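This report concerns only the one structure given below.
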Amino acid sequence: MVPFDFPGEPSPNGYSNVVTIGAGSRLVWTSGQVAAGPDGTIPTGWAEQTRQVFRNLGTALESAGATWPDVVKLTFYVVGTDELPTVRAVRDEFVTVTSPPTSTLIRVAGLARPEFLIEVEAVAAL
Numbered sequence: 351m352v353p354f355d356f357p358g359e360p361s362p363n364g365y366s367n368v369v370t371i372g373a374g375s376r377l378v379w380t381s382g383q384v385a386a387g388p389d390g391t392i393p394t395g396w397a398e399q400t401r402q403v404f405r406n407l408g409t410a411l412e413s414a415g416a417t418w419p420d421v422v423k424l425t426f427y428v429v430g431t432d433e434l435p436t437v438r439a440v441r442d443e444f445v446t447v448t449s450p451p452t453s454t455l456i457r458v459a460g461l462a463r464p465e466f467l468i469e470v471e472a473v474a475a476l
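This is how it looks when you write it as structure tokens:
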């Protein structure tokens, strides 16, 4: 992945505007992951839910042979935006912050279950 930003514009904070991948790369798409743990429990609070979402994403990526540095795109679906600094701090525990993936955040009225606060899907390039 080669990130770059718009010429003459300041770099965005915490994500890349554009990334390119090499010809012949194999792409991996995950479904949206929510905060249900392996035993079905759903943690409470933004930090705990975000961390479980990223653990679930890591498991999904690994099942296809991908790792966090391979991620080129993240799409976030969040119920409310008051906790975005918390979400970003947890995300930064997993992604390469010096070369972050492209990112889209969408505020939604709700997710599949009322307990869920966040859902994230990823695209990786191998």
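The sequence shown begins at 351 in our numbering and counts up by one.
Glycine included, every Cβ here is placed at the ideal spot set by N, Cα and C.
Owing to the predicted nature of the structure, the values given are computational and were not obtained by experimental measurement.
Residue burial annotation: residue 354 is exposed, with fewer than 16 other C-beta atoms found within 10 angstroms of its C-beta. Between residue 432 and the set 378, 373, 365, 468, the nearest pair of CA atoms involves 468. Within its own chain, the residues whose Cβ lies closer than 6 angstroms to the Cβ of residue 366, once the five positions on either side in sequence are excluded, are 353, 450, 452, listed in chain order.
Going by beta carbons, residue 384 and residue 439 fall outside the 9 angstroms limit. DSSP places residue 428 inside the beta strand (DSSP E), whose first and last residues are 421-428. Here residue 457 carries a strand assignment [DSSP, helix/strand/coil]. Check the Cα spacing between residue 396 and each of 372, 374, 437: the tightest is with 437. The beta-bridge partner set that DSSP reports for residue 383 consists of 470. Taken through DSSP and simplified to helix, strand or coil, residue 416 comes out as coil.
Beta-bridge annotation (DSSP): residue 370 is paired with 352.
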